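Numbering (our numbering), first residue to last: 63 to 478.
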Amino acid sequence: MPATHTPPAALRPYLTEAHEQLWAEADKFATSQVAPRLPRMEAAPHAVERELPELMARQGWFGVTIPQAFGGMRAGHVAKTVLIHRLAVVSAAAAAILQATLIPVGALHHWGTAEQMERWFPQVARGAALLAIAVTEPRAGGHLGGIETTAERSGDGWVITGEKVHIGNSHLAHLHVVIARTAATGVTASEALTAFLVEHDRGGLTVAPHRAKLGLHGFSAGRLILDKVRIPAANVLGEVGQGLYVAQSSSILYGRPNLTAVSLGIHEALVATTAHFLDNRPRYGGHLSDQPVVRDRLGEMQGRFQTALTTTYSAVHLLDSRLPCDSELIGAKHTGHQLAARTARDAMELHGAQALDTDYQLQRFFRDIQHTHPPAGTGEFQRIHLANTALGTPHIQWSERLAAEASWTHPDPTPA
Ligand SMILES: Cc1cc2nc3c(=O)[nH]c(=O)nc-3n(C[C@H](O)[C@H](O)[C@H](O)COP(=O)(O)OP(=O)(O)OC[C@H]3O[C@@H](n4cnc5c(N)ncnc54)[C@H](O)[C@@H]3O)c2cc1C
């Protein structure tokens, strides 16, 4: 997949010179560092990729939204999207590794104390520590009110017991943001949950062996077992009882746009791969791309990709501009995945039997795109939010509330 290095003109309203430079850097990195490692990652779905996160850490990319005072890039949400999108064109697994740490970075940003940020952000920014966010449970799934992991007060700290599943970067993280129940069953989720910082080497915390998934080979989304893990009171993130808000706001402001960028990268790769195939496959003295019916389907794919592209960048641009945009972030994630999944099906069909060759990259895109539906809200949950918007049902606008509280998290409006 040839990297473009230059963003399309449709993105000019959203990109600064600094963003364009980052785009070129990410493309170069994807071509020179990620692409050569892909065959190894694809051939070993049971292995966790450890080299790429180290290389990305050296680029300083885990600190893309971290303030400069803590050694980060303070480059904002559009910059974060550029990095994830450009990596995902070459490898959705590499992009998934980057984005999974950037969600808890967001949680720490908005809910952490000065001491917590001082302790963790410099390490993340220089790549000495990665983070993970652990919300999902075997029985609760996307229903946060059903969380069964408990945290009980003990002395001047807490004891956490429970199990978390599908946790992105579970095997790489040095710190897990764990959402646990701190009030009795029956208390509403908006008061019953609390977020905690759990260091990976705390006694009682185990990460189950990595299991291969359908796609995203190399990315670990594993199981954490918390067996009476003791942590000090200083490890509470936000206030006791604010865990739902920590999880929700991180998912809407960071998780959704991150997964949108992953699906966008896969979408771009699907269209480019299919166009190349059709333009080179001989038929009737010309090529398959000469056939009107085939061109029509390719045109449909390109149209979907263009819609996803502008929807993605316009949503994160609103976020960087400190405008209320929860609904746009949610809509971009939903539409981005849906459109890319339809393009994946078209791409498979247009390739005929070649689509089924396991050593051809198309089936990797087809598998990987299945992974952008469940995280940061399944399609059903996005549509529940979007219907609320349509009906004017009041809900918290996290983009508005947290942007106002933490204006220092946003990029300098006059970048070099
Ligand atoms: C690549 C990847 C990375 C992930 N990273 C993380 C991570 O870092 N941290 C983390 O905590 N989790 C992570 N997850 C887990 C993800 O957040 C969950 O998969 C998601 O919340 C859905 O939960 P579930 O899979 O258990 O599905 P369930 O919640 O069991 O839902 C199953 C199906 O039922 C539907 N459904 C459920 N409830 C309703 C309802 N009330 N109305 C209508 N439909 C409903 C869902 O939409 C879905 O289609 C990741 C998952 C993936 C695939």
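All C-beta atoms in this analysis are idealised placements derived from N, C-alpha and C, irrespective of residue type, glycine included.
Owing to the predicted nature of the structure, the values given are computational and were not obtained by experimental measurement.
- Counting only residues of its own chain and dropping the five nearest sequence neighbours on each side, Arg343 has a CB closer than 7 Å to the CB of His349 and Leu350.
- Assignment of Ala196 by DSSP, reduced to helix, strand and coil, places it in the strand class.
- Less than 8 Å separates the beta-carbon of Leu371 from that of Leu326.
- Shortest gap from the CB of Ile195 to any heavy atom of ligand 1: under 7 Å.
- With a cutoff of 8 Å on beta-carbon distance, Pro319 and His457 are scored as not near each other.
- In this structure, Leu160 lies near Trp123, with their beta-carbon atoms less than 8 Å apart.
- If you look at Thr143, you'll find it in the alpha helix (DSSP H) that goes Gly138 to Val152.
- For the 8 Å CB-CB criterion, Arg384 and Ala323 do not form a contact.
- A Cβ-Cβ separation of about 19 Å leaves Tyr316 out of contact with Gly441 under the 8 Å criterion.
- Taking all protein chains shown into account, Leu276 has fewer than 16 neighbouring C-beta atoms within 10 Å of its C-beta and is therefore exposed.
- Here the segment 146-157 makes contact with the segment 328-336; the two share three or more CB pairs at distances below 8 Å.
- Here Ala187 is near Gly134, since their CB atoms are less than 8 Å apart.
- The three-state secondary structure of Thr223, taken from DSSP, is strand.
- In the DSSP assignment, Gly284 falls within the unbroken beta strand (DSSP E) covering Ala283 to Pro294.
- Taking C-beta separations shorter than 8 Å and ignoring five residues to either side along the sequence, the partners of Arg201 in its chain run Gly208 and Glu210, following chain order.
- For Val333, there is no enclosing beta strand (DSSP E); the residue is found in the alpha helix (DSSP H) stretching over Arg318 to Asn342.
- Residue nearest to Arg359 within the set Asp408, Gln304, Val308 and Asp430 is Asp408 (criterion: CA-CA distance).
- As far as DSSP is concerned, Leu380 takes part in no beta bridge.
- Within the same chain, Ala72 come within 8 Å of Gln368 by CB-CB distance, once the 5 residues on both sides are set aside.
- In the assembly as shown, Ala106 is an exposed residue. Its beta-carbon has fewer than 16 other beta-carbons within 10 Å.
- From the listed residues Leu84, Leu114 and Ala162, the smallest Cα separation to Ser312 is found for Ala162.
- In this structure, the beta-carbon distance from Leu192 to Ile229 does not fall below 8 Å.
- Between ligand 1 and His228, a heavy atom-to-CB distance of less than 7 Å is present.
- For Val291, the closest C-alpha among the options Ala119, Lys142, Gly125 and Thr212 is that of Thr212.
- Under DSSP, His238 shares a beta bridge with Ala194 and Val260.
- Of the heavy atoms belonging to ligand 1, none sits nearer than 7 Å to the Cβ of His238.
- Membership of Val269 in the beta strand (DSSP E) is indicated by the continuous run Leu267 to Val269.
- When Phe132, Ala257 and Ala157 are compared, the shortest CA-CA separation from His433 is found for Ala157.
- Under the criterion of beta carbons closer than 8 Å, Thr256 and Gly303 qualify as touching, at roughly 6 Å.
- Contact between Ile241 and Ala309 holds: CB atoms are separated by about 5 Å, below the 8 Å threshold.
- Each of Gln95, Val260 and Leu84 was checked against the Cα of Thr143, and the nearest Cα belongs to Leu84.
- Around the beta carbon of Leu288, a 10 Å sphere encloses 16 or more other beta carbons of the protein chains shown; the residue is thus reported as buried.
- DSSP places Arg215 inside the beta strand (DSSP E), whose first and last residues are Thr212 to Ser216.
- For Pro437, the Cβ falls inside the 7 Å cut-off from some heavy atom of ligand 1.
- Beta-bridge annotation (DSSP): Gly348 is paired with Arg345.
- With respect to the 8 Å criterion, Ala394 and Ile431 are not classified as neighbours on the basis of their beta carbons.
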